[in-house]
Every structure is written in C-alpha cells, then in structure tokens.
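Comments concern the structure below.
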Amino acid sequence: EALTAQLEAVPEPGPAGICDLPGYAERKTALAEELRAADEALAQICRQDGALEQGLRGRADELEAEMDGLRTELSRESILADAQSRMEKYEGERRAAGAELSRLDGLLYLSDAFTRYKSERITGAVNALFERTRFRLFTQQVNGGQGECCDPLWEGRPYGTISDGERAKTGLDVINSLMRAYDLRLPVF
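Mapping to the numbering used here: the sequence shown position 50 is 50, numbers consecutive.
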C-alpha cells in the first residue's frame, strides 16, 4: 500500500515535447499540395479516360457496324458468285442439251428421209406388178409423217370415185397381176 500511495503521488507525465525538424512544416505543406494536385490530375485523367473510353467504345461500335455491313456485302457477293457459277453450269448443260437435241433432230430427219425413200420404193415395186391399176400405199400427214393406206387408183383417180366399168377393169387388172405373180392360169369371165 505504501507503494501504491507513492505511485499515485507521482505526477503523470505530460505529453512529450517532440520538436519538428527544420523545414518540416513547409515540406509537409508542399507534399500535401503535390498530393492534392496529383489527386486532381488523377480525377481529370479518370474523367478523360471515361470520355476516351466512351469515344473508343463508340468507335468500336461504328467499326463493328461497318464490319457487319461488309459481312453482309461479302455474303451477297458469295451468293452472287454461287449463283454465277450455277448459271455457268446450267449454261453448259443447256449447250450440251442443245447439241444433243440438234443431233437427235438430224437423226429424226434422216429417219424421215429413209421412211419416205422406203415408201416410194415399196410403192414403185408394188405398182410395177400391175398394168393399169396403181396403189397409193402411203399418205402424207399434217405433221409431216406418212400414214399407211391401200387405195387402188385407176388412171390416177381413187377407186371410190370411178364408174362400175372402171371398177371391173381394176379388178381384172388385179386378178391378172396376181395370176402372173403366183404363176397361175385361171379362167376369168
């Protein structure tokens, strides 16, 4: 207790007196001023960066829109190129089909010419067997082809338009021609 009382009697020490270094206050003020200027510069740079960032974002959006336009144009050009290549392919096919059609038309013409020649030869061979009666074995059709028929003609007139006497003469001519062809001799009254 005595010690405690002694301790309580000891006065508390007051704040220690610290002396500043010479020029400390001016230096502190200058550094504070520099810090404030740096903070303002940083804030200004941040504002400028924000504006710059917005400007760059705007420019990036413009460039993206331009790239989209170019992509669209490029896709149109590729579509046009594809269409052009298909047109060239179909043009080649059309030319090939035209050449094949021309070749087939030539063959059809030759076939028609052969058919006409053959029908003329057959008609000539059949008519050579008769003295006065002739036969029209083929008729010309509207489409250019030939149809088969067997019309007897007496002196160039069809059998249906001749008189009864001429019909009898036509019949006798046919009978005589058949007898010669088969080497027969039959009495004809």
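Where is the CB? At the ideal position from N, CA and C, for every residue including glycine.
Under three-state DSSP, which class holds residue i?
i: Gln141; result: coil
i: Glu155; result: coil
Run the CB neighbour count on residue i, radius 10 Å, all protein chains shown included, and call it buried at 16 or more, exposed below.
i: Arg134; result: buried
Can the beta-carbon of residue i be found less than 7 Å from the beta-carbon of residue j?
i: Cys149; j: Thr139; result: yes
i: Thr170; j: Pro152; result: yes
i: Leu186; j: Met179; result: yes
i: Ser111; j: Gln146; result: no
i: Phe130; j: Ser177; result: yes
i: Leu137; j: Thr123; result: yes
Using 7 Å as the limit for Cβ to Cβ distance, is residue i near chain D?
i: Ala128; result: Any reference to chain D falls outside this structure, which holds one protein chain only.
Practice problem: At 3 residues or longer, and completely inside the region 88-147: list those beta strand (DSSP E) runs for me, N to C. | Solution: 133-140
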